[in-house]
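To keep things clear, I will list the structure first and then write my remarks on it.
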Amino acid sequence: ILMYAICFKEKKMDEILVNTSSVAKFCGCSVRTIRRAIEKNEMPQPFQTGDGKRPNKTWLKKDLEFFRDTIIKRKKHTPKKYL
Numbered sequence: 113i114l115m116y117a118i119c120f121k122e123k124k125m126d127e128i129l130v131n132t133s134s135v136a137k138f139c140g141c142s143v144r145t146i147r148r149a150i151e152k153n154e155m156p157q158p159f160q161t162g163d164g165k166r167p168n169k170t171w172l173k174k175d176l177e178f179f180r181d182t183i184i185k186r187k188k189h190t191p192k193k194y195l
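Add 112 to the 1-based position in the sequence shown for the working numbering, that's all there is to it.
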């Protein structure tokens, strides 16, 4: 939680992505793709925030720039019948 508070003080709110659906919207893909990328360690690991059974995952936009570019390249090379 402390890292989350420090992150909010240093960064603007629009540079922080709070959940997987906002990350999916930023990258231009589905939530399912984001979940699979997390499982396969293809994207940067999120900050774990919050207490309880389901902690929140947060990312910074600058950390996801490279992952977004790889997703866009992947979409260009897939045949249209699979999209």
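Backbone N, C-alpha and C fix where the C-beta goes; we use that ideal spot for every residue, glycine too.
{"query": "Among the candidates Gly140, Lys169, Lys173 and Arg186, whose CA atom is the shortest distance from the CA of Ile150?", "result": "Lys169"}
{"query": "Go to Lys169, then tell me how far its beta strand (DSSP E) extends in each direction, as first and last residue.", "result": "Asn168 to Leu172"}
{"query": "Locate the alpha helix (DSSP H) running through Leu137, then write down its first and last residues.", "result": "Note on residue identity: the sequence assigns Lys, not Leu, to residue 137. Where Lys137 is concerned, the enclosing alpha helix (DSSP H) stretches over Thr132 to Cys139."}
{"query": "Using the Cα positions of Cys153 and Arg147, report the straight-line distance between them to the nearest angstrom.", "result": "First, the amino acid is wrong: residue 153 is Asn here, not Cys. Rounded to whole angstroms, Asn153 to Arg147 spans 10 Å at the Cα level."}
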